[in-house]
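A.B. asks: Adding 21 to a residue's 1-based position in the sequence shown gives its number in the working numbering.
Got a structure for you, written out below as structure tokens; questions coming shortly.
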Amino acid sequence: MNFKPSPRILPGLLSFFLLPLHAASRPASESPSGPRQSQPGPDSRAAMSGEDLQIEKAKILMAEKKYDAAIQTFQDVLKSDPKNAVILNMVGIGYLNLSKYDQAKKYFQRSAKADKKYSSAVNNLGMVWYHQKDFRRAIREYQKAAAIDPMQAGTHANLGFAYYNSNKLIEAATEFQKAIELDPQIFEHNDRVGTMVQDRSVSNHGLFFFTMARVYAQKSDATHCAEYLRKSFDEGYKDVGKARSDPAFKTVLDDPSVQSVLARVAPAEEKAATSHPGA
């Protein structure tokens, strides 16, 4: 079982917010859009300016993973609008998808400078460091992004992953809880292309899934708690049974779905105890 570790950011792990790109800046508190947006029809295309058509073309190229072509098209727009924070950010995302980290950093920094309230660019700068396994710097940038816009669930989720990969499990759980409070479906989004990058790759999947089960248990969400306990068990995590005595799981222990998972755990625990008597 795999929790989608990705050496390269997939479109499905890009931002949760599909924003029009012709604005020079966007309000930091903009709401999430739906999972998909329909393509403009013939009439609307006819009414679009030449710049808007270029932007639409670049967005399509990004969705098709034709990142070099998308970057070039966005850069053509920047010739006439060099301080467009959103488009600068999209160029950075293109380079990030190509693992060209220096170029990605350059454009995310330019985007953040062009609009100091544009948290997506700061978040994405953190993602560059995250991909380079420099979690300390990633945490720093995510914290800056969260300070700019504390209502972005994606930033809190990213910060949680960076904490988790730094073995700061308490801090990770806190950020995951914030993300879920802002967007209960935050860890179920997929197939979206937008302006804020997210990466869900982690080490030690079993421990990660148990951590997530604990987060959902503290929110009395037995369904998701059971789902993550099951994933943790399937990954071979040996301490799933500790949920029975962990106070964080108290409100969900009597739920049938949680009990079903723990019933699967019991035989494995008995077998381990028999194999290692006195352990």
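Cβ coordinates follow ideal geometry from the N, Cα and C atoms, glycine included.
Identify whether Leu180 lies in helix, strand or coil by the three-state DSSP scheme.
C.D. replies: The count along the sequence shown starts at 1 and reaches residue 180 at position 159. Three-state result, Leu180: helix.
A.B. asks: Distance, Cα to Cα, Lys240 vs Gln206?
C.D. replies: If you number the sequence shown from 1, residue 240 lands on position 219. If you number the sequence shown from 1, residue 206 lands on position 185. If you take the alpha carbons of Lys240 and Gln206, they lie about 14 angstroms apart.
A.B. asks: Since I believe Phe129 is in contact with Asn118 (beta carbons under 8 angstroms), could you give me their beta-carbon distance rounded to a whole number of angstroms?
C.D. replies: Here the question's residue 118 lines up with position 97 in the sequence shown. Here the question's residue 129 lines up with position 108 in the sequence shown. Going by Cβ atoms, the distance from Asn118 to Phe129 rounds to 13 angstroms, so no, they are not a contact pair.
A.B. asks: May I have the straight-line CA-CA distance separating Gln173 from Tyr139, to the nearest angstrom?
C.D. replies: Here residue 173 corresponds to residue number 152 of the sequence shown, with the count starting at 1. Here residue 139 corresponds to residue number 118 of the sequence shown, with the count starting at 1. Those two C-alpha atoms are separated by around 11 angstroms.
A.B. asks: Where does Phe208 sit, in a helix, a strand or coil, going by DSSP?
C.D. replies: Here residue 208 refers to the residue found at position 187 when the sequence shown is read from its first residue. Correct three-state label for Phe208: coil.
A.B. asks: If you count every other CB in all the chains shown that lies within 10 Å of the CB of Glu196, and 16 or more means buried, which is it?
C.D. replies: Counting from 1 along the sequence shown, the entry for residue 196 is found at position 175. It counts as buried.
A.B. asks: Alpha carbon to alpha carbon, how far is Arg113 from Leu99?
C.D. replies: Position 92 of the sequence shown holds residue 113. Position 78 of the sequence shown holds residue 99. With the sequence shown as reference, residue 113 is identified as Gly, and Arg is not the correct amino acid for it. If you take the alpha carbons of Gly113 and Leu99, they lie about 13 angstroms apart.
A.B. asks: Any idea if Glu209 is buried or exposed, counting beta-carbon neighbours within 10 angstroms, 16 or more meaning buried?
C.D. replies: Locating residue 209 in the sequence shown gives position 188, where the first residue counts as 1. Label assigned to Glu209: exposed.
A.B. asks: Where does Gln75 land, buried or exposed, given buried means 16+ other C-beta within 10 angstroms?
C.D. replies: If you number the sequence shown from 1, residue 75 lands on position 54. It counts as buried.
A.B. asks: Does DSSP put Gly262 in a helix, a strand or coil?
C.D. replies: As a position in the sequence shown, residue 262 is number 241, starting the count at 1. The answer is helix: DSSP assigns Gly262 an H, G or I state.
A.B. asks: Taking 8 angstroms as the threshold (C-beta atoms), are Ala243 and Asp276 in contact?
C.D. replies: Walking along the sequence shown from the start, residue 276 turns up at place 255. Walking along the sequence shown from the start, residue 243 turns up at place 222. Contact: yes.
A.B. asks: Three-state secondary structure (DSSP) at Val112?
C.D. replies: The residue labelled residue 112 in the question sits at position 91 within the sequence shown. Looking at Val112 - three-state DSSP - the assignment turns out to be helix.
A.B. asks: Could you tell me how far apart the beta carbons of Phe270 and Ser253 are, in whole angstroms, since I believe they sit closer than 8 angstroms?
C.D. replies: What you label residue 270 is simply residue 249 of the sequence shown in a count that begins at 1. What you label residue 253 is simply residue 232 of the sequence shown in a count that begins at 1. Rounded, the Cβ-Cβ distance is 12 angstroms, inconsistent with contact.
A.B. asks: Is the beta carbon of Val279 less than 8 angstroms from the beta carbon of Ala247?
C.D. replies: Taking the sequence shown and counting its residues from 1, one reaches residue 279 at position 258. Taking the sequence shown and counting its residues from 1, one reaches residue 247 at position 226. Yes; because the gap between Cβ atoms is below 8 angstroms, this pair is in contact.
A.B. asks: Can you list, in chain order, the residues of its chain with a C-beta nearer than 8 angstroms to that of Glu72? Leave out the 5 residues immediately preceding and following it.
C.D. replies: As a first step, residue 72 must be located in the sequence shown, where it is residue number 51. Excluding positions up to five away in sequence, the list reads His43, Val98, Ser101 and Asp102.
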